[in-house]
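Number of protein chains: 2
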Amino acid sequence: MPKLGMQPIRRRQLIQATLEAIDDVGLADATIARIAKRAGVSAGIISHYFGGKDGLLESTMRQILWDLGDAVARRRARDDVESPRQHLHAIIDGNFDRSQVNKIVMKTWLAFWSVSMHRPDLQRLQRVNDRRLYSNICHHFQRCLPRPDAQQAARGLAAMIDGLWLRGALAPQGIDVDRARQLAYDYVEEQLAHATTQAPINA
Amino acid sequence: MPKLGMQPIRRRQLIQATLEAIDDVGLADATIARIAKRAGVSAGIISHYFGGKDGLLESTMRQILWDLGDAVARRRARDDVESPRQHLHAIIDGNFDRSQVNKIVMKTWLAFWSVSMHRPDLQRLQRVNDRRLYSNICHHFQRCLPRPDAQQAARGLAAMIDGLWLRGALAPQGIDVDRARQLAYDYVEEQLAHATTQAPINA
DNA sequence: ATTTTTTTATTGAACGTTCAATCAATAAAA
DNA sequence: TTTTATTGATTGAACGTTCAATAAAAAAAT
């Protein structure tokens, strides 16, 4: 069986199996034996390609972080995204992208949030992501609002997005994407409305 | 040593030790041996008073849920809380009560959110709490807004509160309570402002 | 008032299980 | 022949639970 260039294939398989295992039985019971079985390989292969379970978990977290960043980047790269409002909407849409709004990914996010409190490497990854969301939002609010107001608005919108996300993950019926997006849009409008009497709107 | 009526004392001790252990090493490494050692008792006593580790975790979650409910209830019981705005502020203040906004409790919340995805008993507890926050908020918005608007506003405020909470828990510098409360207050004002042209304000 | 019995509280060693990691063995491809 | 890929049994550590043993207090009996 062994051919060359198996590494990227196996890594993808095992990361996917990790996500599915976490969705299925939770991170606490996502053992390497279970993950390996789900991926259709032996347990030993995990240590071989990831150095150990910790390495697999870090790679899995990097994967979903990258997917989120990519979902946002793709929306923002579209030609018709120019005004602050359009950029903020693109960020919102990216965060509620279909690839992010499913039980598998949401359960994994929750698990990683919890674990990252006690693992510096995961904590670093997670904070880079938090900062990126805030900074992106803040940048576009600053195009219409004075800096302190923009920062406060950015904190509010970031919290709104994460909060809708969290409550969606915990709710039995899952997240209502359209309703969540609308709430985030509304929040943006409220903040931009304050700009009319304070600073020029380039929206 | 053994005196009568030790049960409530030991239960309190062990729940406190559980919170501290989770804060210290995370839920995954909060073993009964460690928890017992921190409480200054033997490991066997946990099964004796809680039936097992699962029982201890459920009791610990009940405790922090009760603390949160109590913090909100105390604020709302004050004489000067009458108008919808005052009630909503009381709910916000309760959720950012000092007893809730500390690293120990926040880490425990994160851990329980994650674990409750795979344990029906904890999931039930957690959802009762979510619903309570939403229902309380919704009730008071309905005193000034048409029902659909009130429900949407309630979803927004609940998400804002949880989101501020989550980002506060994950942030290296912790949560800025005053800033968080102000953002929630501002959101309430925006929602109530829409009521002026649609329904009478009793605020 | 003293002794005996019962109840409640607690310990910690022992047990069986489960886990991540290791590594010698194997096999296909280069 | 060398390199890359993979297996799965083995190992040792760590875990939650159990339980016989112990001790103090309370209750009952003398």
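Heads up: the protein sequence lines correspond to chains A and B, in order. Under full-length UniProt numbering, the first residue of the first sequence carries the number 1, and numbering increases by one thereafter. Under full-length UniProt numbering, the first residue of the second sequence carries the number 1, and numbering increases by one thereafter. Glycine included, each C-beta is placed from N, C-alpha and C at the ideal position.
Test: residue i CB closer than 7 Å to a CB of chain A
{"i": "Trp113 of chain B", "result": "yes"}
{"i": "Gln61 of chain B", "result": "Per the sequence shown, the amino acid found at residue 61 of chain B is Met instead of Gln. So, not an interface residue."}
{"i": "Lys53 of chain B", "result": "no"}
{"i": "Arg124 of chain B", "result": "no"}
{"i": "His118 of chain B", "result": "yes"}
{"i": "Glu82 of chain B", "result": "no"}
{"i": "Ile201 of chain B", "result": "The predicted position of Ile201 of chain B is uncertain, since its pLDDT is 49 and thus under 50; a value taken from the coordinates is nonetheless stated next. False, the Cβ-Cβ gap to chain A never drops below 7 Å."}
{"i": "Gly156 of chain B", "result": "yes"}
{"i": "Gly94 of chain B", "result": "no"}
{"i": "Leu110 of chain B", "result": "yes"}
{"i": "Arg167 of chain B", "result": "yes"}
{"i": "Arg20 of chain B", "result": "Looking at the sequence itself, residue 20 of chain B is Glu, so the reference to Arg does not match. Not closer than 7 Å to any Cβ of chain A, the Cβ of Glu20 of chain B fails to qualify, so no."}
{"i": "Arg10 of chain B", "result": "no"}
Within-7 Å CB hit, residue i to chain B
{"i": "Met6 of chain A", "result": "no"}
{"i": "Lys37 of chain A", "result": "no"}
{"i": "Gly163 of chain A", "result": "yes"}
{"i": "Met160 of chain A", "result": "yes"}
{"i": "Gly26 of chain A", "result": "yes"}
{"i": "Lys107 of chain A", "result": "yes"}
{"i": "Glu190 of chain A", "result": "yes"}
{"i": "Leu183 of chain A", "result": "yes"}
Residue j beta carbon less than 7 Å from that of residue i
{"i": "Val105 of chain B", "j": "Ile91 of chain B", "result": "no"}
{"i": "Leu110 of chain B", "j": "Ala21 of chain B", "result": "no"}
{"i": "Met160 of chain A", "j": "Gly55 of chain B", "result": "no"}
{"i": "Ile9 of chain A", "j": "Ile32 of chain A", "result": "no"}
{"i": "Ala158 of chain A", "j": "Phe141 of chain A", "result": "no"}
{"i": "Leu145 of chain B", "j": "Ala195 of chain B", "result": "yes"}
{"i": "Ser99 of chain A", "j": "Asp67 of chain A", "result": "yes"}
{"i": "Ile15 of chain A", "j": "Gln63 of chain A", "result": "yes"}
{"i": "Met61 of chain B", "j": "Phe96 of chain B", "result": "no"}
{"i": "Gln126 of chain B", "j": "Ser135 of chain B", "result": "no"}
{"i": "Ala36 of chain B", "j": "Ala43 of chain B", "result": "yes"}
Exposure of residue i, with buried meaning 16 or more beta-carbon neighbours within 10 Å
{"i": "Gly94 of chain A", "result": "buried"}
{"i": "residue 204 of chain A", "result": "With chain A covering 1 to 203 only, the question about residue 204 of chain A has no answer from this structure."}
{"i": "Asp121 of chain A", "result": "exposed"}
{"i": "Glu190 of chain A", "result": "buried"}
{"i": "Pro84 of chain A", "result": "buried"}
{"i": "Gln7 of chain A", "result": "exposed"}
{"i": "Asp23 of chain A", "result": "buried"}
{"i": "Val128 of chain B", "result": "exposed"}
{"i": "Ala30 of chain B", "result": "buried"}
{"i": "Arg75 of chain A", "result": "buried"}
{"i": "Gly52 of chain A", "result": "exposed"}
{"i": "Gly156 of chain B", "result": "buried"}
{"i": "Ala193 of chain B", "result": "exposed"}
{"i": "Met1 of chain A", "result": "For Met1 of chain A, the pLDDT reaches just 46, beneath the cut-off of 50, and the residue's location in the model is therefore unreliable, although a value from the coordinates is still provided. Answer is exposed; the Cβ neighbour count stays below 16."}
Start and end residues, alpha helix (DSSP H) containing residue i
{"i": "Asn102 of chain A", "result": "Careful: Asn102 of chain A lies outside any alpha helix (DSSP H) and carries neither H nor E."}
{"i": "Cys138 of chain B", "result": "Pro120 to Phe141"}
{"i": "Pro84 of chain B", "result": "Pro84 to Asn95"}
{"i": "His48 of chain A", "result": "Gly44 to Phe50"}
{"i": "Ala169 of chain B", "result": "Arg147 to Leu170"}
{"i": "Ala180 of chain A", "result": "Val177 to Ala193"}
{"i": "Thr31 of chain A", "result": "No alpha helix (DSSP H) holds Thr31 of chain A; DSSP gives it neither H nor E."}
{"i": "Ala77 of chain A", "result": "Premise fails: Ala77 of chain A is in no alpha helix (DSSP H) and is neither H nor E."}
{"i": "Leu14 of chain A", "result": "Met6 to Val25"}
Whole-number beta carbon distance between residue j and residue i, since they are thought to touch under 8 Å
{"i": "Gly5 of chain A", "j": "Lys103 of chain A", "result": "Wrong, their Cβ atoms sit about 32 Å apart, outside the cutoff."}
{"i": "Asp130 of chain B", "j": "Arg179 of chain A", "result": "About 16 Å; that fails the 8 Å criterion."}
{"i": "Leu19 of chain B", "j": "Thr108 of chain B", "result": "6 Å"}
{"i": "Val188 of chain B", "j": "Leu88 of chain B", "result": "5 Å"}
{"i": "Ser59 of chain B", "j": "Arg11 of chain B", "result": "7 Å"}
{"i": "His118 of chain B", "j": "Gly26 of chain A", "result": "4 Å"}
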